[in-house]
Each structure stands twice: as C-alpha cells, then as structure tokens.
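Colleague: After the structure tokens below, expect a handful of questions from me.
There are 2 protein chains.
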Amino acid sequence: MVKIMDELTERQKIILTLVTHEHINSALPVGSKVVVEKFNIGLSSATVRNEMSTLTELGYLRQPHTSAGRIPTDKGYRFFVGRLVREGEIPLSAQRKISHQFYQMRNDVEQWARLAASILAQQSNAASLITAPHSEHTKLQHVEFISTYGSQILMVLVLVGGELRQRIQNLNEPYSQERLSSVGHLLTQQFKGLETARIIQKVREFSDLELELAYIVGEEMERADATVSGEIYLDGITNVLAEPEFNDAGDARRALRVLEERTLLYELFSKTIMNNDEGTVQVLIGGEGTWDELKQCSIVLSKYGVPGIAFGTVGVLGPVRMAYGKTISAVRFMSGMLSEMVSQSHFEENIIAPNEVD
Amino acid sequence: MVKIMDELTERQKIILTLVTHEHINSALPVGSKVVVEKFNIGLSSATVRNEMSTLTELGYLRQPHTSAGRIPTDKGYRFFVGRLVREGEIPLSAQRKISHQFYQMRNDVEQWARLAASILAQQSNAASLITAPHSEHTKLQHVEFISTYGSQILMVLVLVGGELRQRIQNLNEPYSQERLSSVGHLLTQQFKGLETARIIQKVREFSDLELELAYIVGEEMERADATVSGEIYLDGITNVLAEPEFNDAGDARRALRVLEERTLLYELFSKTIMNNDEGTVQVLIGGEGTWDELKQCSIVLSKYGVPGIAFGTVGVLGPVRMAYGKTISAVRFMSGMLSEMVSQSHFEENIIAPNEVD
DNA sequence: ATTAGCACTCGAACCTTGCGAGTGCTAAAA
DNA sequence: TTTTAGCACTCGCAAGGTTCGAGTGCTAAT
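What follows is the structure, encoded as structure tokens:
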C-alpha cells in the first residue's frame, strides 16, 4: 500500500516533476541538459539522463524519437497532477472583482453561466464548459396556464430551485384565462412540493380540464427528470486552436467535436462527476483510456451546487499539456463561486453585496 | 445601367462560371486546360486562356502565383452567386421528413432551433447559426409572481409571441403567494397587450407592493426590448475545420472566433438582415470589405418569422469557396420552415401533422 | 554512486534539382 | 477579325541529399 508511493525515489519524483513542468511551459521535449541548467539541481546531466532513462522504463516518460528529449506520458501527467498541491491561485483582488461581477447579475442563471464560462476560459486559456444548475429530483413549485391564441395555451412550470419549463399545448376547445388560472391555482396547491412520481399518482383524482392539464404537468415533470443536466455553455473554443498540438486541422477537429457532441459531454458529466461531492476537482487525462475522442485532451471538472437544491458542472477542456495548477485552481474557485450563487439565490433574504458583509 | 451586365461577353460569363464551379469542387486553382477538357466547350485552351486573362484584368479572377491556374476573386464569386438561380434544392422527400421532425417538436422553440441548426449544418456541410425568434416591439401577455423563499420572489413574464423572461427579485418583506398572485392578476389585466412605453407610463398609477412589482415589470420589459435577438444556436463548427482553407490553425481560429464573438454576430444580423424581408436570402462574401474577421469566410443569411409576431435569423458560415447553390437552397428552406413553425405555434387551433393536410 | 567524455542516432532545416502545370506571346489559319 | 497551334518561360512543388545539433546511451575514470 504505502510502498506504491515509493516506486519512485524522491530524486526521480523531482526530476519527473521538473520535466513535466518544463514541457508544459515550452511545449517541447525536455532534455537532460535543460533540466540541469534551468533548475540548479546539484547533479550532472549524465545522472539526470540515467534517471530519465529509468522513468522512461517505468512508463512515466517517453521519447517522441531517439534523438529528442523526453515528454511525460499520461501516467507521468497523472503523477504530476497528483503531487500538485495548490498553485496558481487567482489573486484575491481578482477573486473579489469576479465575485462582484456575479453579484451584479444575481437574478439570472443564464448570465451566471455565461460569465463563469467566459472568466474560466480566460483564466485557463482553454475551452470552458458550464452546465446550468439542475435538480436531480425535481419538485414542483408552481404551475401556470396562459391562454395564447384560440384553444392554444402556454404552460409554465416553476420547479423548486427556480428552473423554468415551458410548453405550448393545444386543447380541444378554448377556455377563458380565468378558468385556466383557477386550474393553475388548484394544481399548484395540490402538487406543490411533490416529486414527479407523486404527481403522476394524483393525476387520476381529477377530471375534465383539470385532468387534461394535470396530465401534461405530469408529462412535463417526467421530461424534466429525464433531462440529465441544464443547458451547456461553452466559451474559449478558439483558445484550444491556439495550442501547438492542435496545429493539425484533423486533431483540432477531433478535439472540438467533443464539445459539439453533447451526448458525449453528458456521459462524461454523469460518469465522472455526478457521483462526487460538489467542490471536488477531477482531472481526466488523455481520455483515461475510456474516451478515444479525448486522447489528446485533458479535462478538469468539478460539480457545484447545493444538496437538495440543484447541481451543475463546471469544467475546462485543453490539451494534455495543460497548466494544471492554474486550471485546477480556477475550476475550484469557479465551482465555489457558482455554489455560492445557487445557495444565495435560494436562501438569502436580502440583497447584500459581498463587500458590504466583508 | 443595362450596360453593366455587358461588362462581360456571354462567353466570358460562361467561362467565369465554369472556373468558379470547378474551383468550388476541387479547391484548387483552375487552368485553361481543365476548363476545356472537363466541360466540352467548343474552344481551344488558348482562347480560354485569353478570356481568363481578360477576366483577371477585370478583377473577376486571380492567380495565386504565376504558374498556377486561376481562382475567383470575391467579385468573381459575387457574379457567380448572382447568376445562380435554383440549384441543389433539398429533395422533396427529405423536405417532408424534415418537416415532420419539426412538427413532432412543435411545442418547444429551443428544440426547433437546435434541430434547424443541426439539419442546416449537415446540409451545407458548414457551420450553421440560428437565432430563436424574438419580437421587436415587445408586448406583454401575462405576468406572474411566485414566492420562492422568504421575501424572495420569481417573476415570470410571458410576452406576446411566447417568449419567456424570468427574474429573481428580493422584496423588502415577505408576502403570501395569494397576495402575489392577485397582484399578478391585476397587472396582467392592466398591462396585457401593451408595449413597454405604455406600461412604464402606467406604473405610477399603483402604490405599495403593486407599485414595486409594476416597476420591475417595466424594467424587465425594457431589457426585453434592448435584447437584439434571441439565443444563438450553433452547430457544425467542426465542419469548417475540415475545409482545406482552414488547415492553418491561425486562419481556423480567426474564422471560429467570429462564432464565439456574439457581439459581431449581432452586428451582422442587425446590419444585413433585419432591414430585409423574411425569406430573402442574403449572401455576404469574404466579409464584403466591412468585416475583416470574415475575409476568408462567406455567410449565407436569411430572416424568418411572422410580421407582428417575432423574427429570427438563420444562417450558414463557411469558406468563401462554398457550395452556394446548395447552401442558399438549404437556408431558404430552413427559413421557410421556421417561419411556418412560428406561424403555426401562434395561430393554429389544432395539431395537424403536415402529411394529414397534404 | 556520480560524472566526464565520446560515439552514435535521427529529426529538422536547408539546398538543389527536375518536373510539369500553366501562362503569355506570336505567327499562322480560319 | 477571331481563333488556334506552337513554344519559350515562369515558378511552385516534391524528391533527394546534406548539414547541423540536440540528445542519448555507454564506458571508463573519479
């Protein structure tokens, strides 16, 4: 158990870290010489060479070709990330500034998501992905029916957590807005705070228009439950194109396809994130064997939200050679920020700007 | 006036068209020889050569380098597009199929937009951009206030056209849901069908809670008016990367940045489209001198919607060397399809699948 | 155990060269 | 007058060759 840590000597760990660090900065293979020269380690290049050779045998480094330096393998990156403690935190002043921005748009979930995506893309210099908060077990908060034209109505469902779902429906005959409103009032009373299953049970208690509308409420609740997560907001897609590993158009395409293919993203979110606690930052390196499409990419992911209310995902996608320290910090910060926003928007009684409480 | 058409002889027009057509397919410079061989024109290569030389002088063609064939300039493309009548229409069977898909998700604007974007990206093999329908002069249809937690409320605005706007607001003290509902009912009665300006005028007629809520209704209406267009839906971004002209990562980046930069897109929409009638298809070649970021790109745009209800935009972005015929047809079709959906969703009394009426 | 020294490897960069597509010009043919 | 055949010329591109140097692995000395 403990011995696993000692597969590598302390010196090897240091060298591996240095090589990885240097490669992340330079995007080039790292030779023994640069390691010795850039970081004044008390060793000769020959010694470093031997150690690097060992690290290569152990699968932490590899050589793109014989006469080149070494670059980390996914395993090497994994080790590097594992040792990374805290690094590249966003300066406190910037944190405050960002926080302030969020509080200014506190009444619009969509805007949070956009802002978060934008800031994250900028901080990490990679592509960011944010999902809007979404409840797992949806409870109804309020339902409203609005007559639009003829026998057509608009149903608006407000879920606990503030999520909104709308739906246009055509009825068999037109009803007055008064009638629709009263049914809305009744169903809200009956269904308020209930989960989908309970609502569907209760649908049969009604008849006539009430039944018809109660039925589509249940139907829409089911859809809400089936929705894996909220809308996905992306930003900084062009950042990844700037990375040298995506100079080849084919590689770039493969990487960006991931961002367009929502099904893959949803799978990713549900498999890696949703079991974890909010606030934990996960790093997925090179697709981790499971996702072929992500061979050249790493993803830094975190879940945010408040238990019992709603959860969302915040993440960054970039090349495997990524500034993990900075990115992880940024994702962690953003996850916290968004959790705070979710919490605030549901529990706070008054608008208090953060600098007023501090 | 008429003479302008005769800047070119008929033969030159044909040759220009052939060269353009060939270049669009092959992505390579086109020489006099291929023109003669591929299309059995009754001329020798020397004659074609002379004509191509003239076309070059007139600015319709250009040579990437001395010993290469010719490629169309933006002016050449423009001529080509102008002469294009109807070409590459989507087969009727496919049209029906697509139409059917739309009618199946008739009750969700967001889904239309996604579907339209997806189909358009596939049809044009380029990037598609769709904005959800949005009214120009917003009228209020319904307003609802929902108590969420403590003194916090959720306001839901339904605009004529079905657009929904939500907003979380904290009041000075908590109110019962009954009280909120009755204010909602009152304000709906008072404001229904009115535009922003009239609503703001009437705000002062109220006092207490009614005043407070009426005020934020007005505020939110103003925001709705200020919103240039609905959400932008993108698809097929990776299609663009597959084009040889974007093999260079820098060029690709420049092109895709346009899609990320919403402000530019909005500008584009408002400047080129919003003055035009719905259904008209506009083609913007190589940024048309105005947009430097689009030097390598062409955009095919159309406005869709129903006067008095709502309008949106549908477009395709691809390389200047684009299959204009097919793309224009696809955009025209999609524009019509979406107009139909907007119309249907607001006027139709019953759900009728299109194949039932046909 | 570490290190200096050295031979070796191999990719990147640069040059040369030949090829061929495509042109423009001219003079002859229609 | 228009078209065309013929031909010299240009120039990008691909292929092959050479150099250069970074980086390695091994060995022998410390």
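Chains as they are written, first to last, in our numbering: chain A, 30 to 387; chain B, 30 to 387. All C-beta atoms in this analysis are idealised placements derived from N, C-alpha and C, irrespective of residue type, glycine included. Fair warning: this is a prediction, and the values are worked out from it, not measured in the lab.
1. Opposite Gln195(B) in the DSSP bridges: which residues?
2. With the cut-off set at 8 Å, would you say Thr46(A) and Arg125(A) are in Cβ contact?
3. Please check the pair Ile338(A) and Gly190(A), which I expect to be a contact at CB under 8 Å, by giving their CB distance rounded to whole angstroms.
4. Quick one: is Ser96(B) buried, meaning 16 or more other Cβ sit within 10 Å of its Cβ, or exposed?
5. I'd like to confirm the pairing. Which residues does DSSP put opposite Glu173(B) in its beta bridges?
6. Straight-line CA distance for Asn79(B) to Met351(B)?
7. Give me the Cα-Cα distance between Asn69(B) and Leu288(B), rounded to the nearest whole angstrom.
8. Under 8 Å between C-beta atoms, does Asp306(A) make it to chain B?
9. Are the segment 139-146 of chain B and the segment 147-162 of chain A touching by the rule of at least three beta carbon pairs closer than 8 Å?
10. Can you check whether the CB of Ser180(B) is closer than 8 Å to the CB of Leu200(B)?
11. Would you kindly check if the distance between the Cβ of Ser331(A) and the Cβ of Arg361(A) is under 8 Å?
12. Under the rule that 16 or more other beta-carbon atoms within 10 Å means buried, what is Asn268(B), buried or exposed?
13. Return the CA-CA distance between Ala123(B) and Ile127(A), expressed in angstroms with no decimal places.
14. What's the C-alpha gap between Lys355(B) and Glu118(B)?
15. If we cut at 8 Å on Cβ distances, does Glu173(A) have a partner in chain B?
16. Just the chain A side, please: which residues come within less than 8 Å of Phe275(B) by C-beta, in chain order?
17. Kindly give me the distance between the Cβ atoms of Ile228(B) and Leu169(B), rounded to whole angstroms, as I take these residues to be in contact under 8 Å.
18. Chain A partners of Gly191(B), CB-CB under 9 Å?
19. Whose C-alpha, out of Ile100(B), Glu86(B) and Ile53(B), is nearest the C-alpha of Ser61(B)?
20. List, in chain order, every chain B residue whose beta-carbon is nearer than 8 Å to that of Arg286(A).
21. Note down, in chain order, each residue of its chain lying with its Cβ closer than 6 Å to the Cβ of Leu57(A), except the 5 sequence neighbours on either side.
22. Quick one: does Gln170(B) have its CB under 8 Å from some CB of chain A?
23. Determine the direct distance from the alpha carbon of Leu270(B) to that of Ser299(A), and round the result to whole angstroms.
24. Ignore the nearest five residues each way along the sequence and tell me which others in Leu294(A)'s own chain have a CB closer than 8 Å to its CB.
25. Candidates Arg233(A), Ser176(A) and Glu165(A): which alpha carbon is nearest Glu251(A)'s?
26. How many Å lie between Ala278(A) and Gln373(B) at the Cα?
27. By Cβ distance below 7 Å, which residues in the same chain neighbour Arg291(A) in space, the five residues on each side in sequence not counted?
28. Is the Cβ of Ser374(A) closer than 8 Å to any Cβ of chain B?
29. Whose Cβ in chain B lies nearer than 9 Å to the Cβ of Val187(A)?
30. List the residues of chain B that Asp254(A) touches, going by C-beta distances under 9 Å, in chain order.
31. Taking its Cβ as the centre, do 16 or more other Cβ atoms sit within 10 Å of Val77(B), making it buried, or is it exposed?
32. Against chain B, with Cβ distances strictly below 8 Å, would Ser369(A) count as a contact?
33. Kindly indicate which three-state DSSP category Leu297(A) falls into: helix, strand or coil?
34. Closest to Ile197(B) by C-alpha separation, out of Leu183(B), Ser205(B), Pro348(B) and Ser176(B), would be which residue?
35. Express the C-alpha separation of Val172(A) and Ala255(B) in angstroms, rounding to a whole number.
36. May I have the straight-line CA-CA distance separating Ala253(B) from Met363(A), to the nearest angstrom?
Modeller: Answer, in terms of the structure:
1. Val185(B)
2. no
3. 5 Å
4. exposed
5. Val185(B)
6. Between Asn79(B) and Met351(B), the C-alpha separation is close to 27 Å.
7. 42 Å
8. no
9. no
10. With respect to the 8 Å criterion, Leu200(B) and Ser180(B) are classified as neighbours on the basis of their beta carbons.
11. yes
12. buried
13. 49 Å
14. Cα to Cα, the separation comes out at about 6 Å.
15. It does; some Cβ of chain B falls within 8 Å.
16. Ala278
17. 6 Å
18. Within chain A, the residues near Gly191(B) are Thr177, Leu183, Gln195 and Ile197.
19. Comparing Cα-Cα distances from Ser61(B) to each of Ile100(B), Glu86(B) and Ile53(B), the minimum goes to Ile100(B).
20. Under the 8 Å cutoff, chain B gives Thr267.
21. none
22. yes
23. 29 Å
24. Leu158, Ile261, Val287 and Leu288
25. Glu165(A)
26. 42 Å
27. Ile261
28. yes
29. Result: Glu173, Ile175, Thr177, Leu183, Val185 and Gln195.
30. Neighbours of Asp254(A) in chain B, taken as residues whose beta carbon is under 9 Å from its own, are absent, since the nearest beta carbon is some 16 Å off.
31. If you draw a 10 Å sphere on the C-beta of Val77(B), you find 16 or more other C-beta atoms in it, and that means buried.
32. Reading off the sequence, residue 369(A) comes out as Glu, not Ser. No, its Cβ sits nowhere closer than 8 Å to a Cβ of chain B.
33. helix
34. Leu183(B)
35. 28 Å
36. 28 Å
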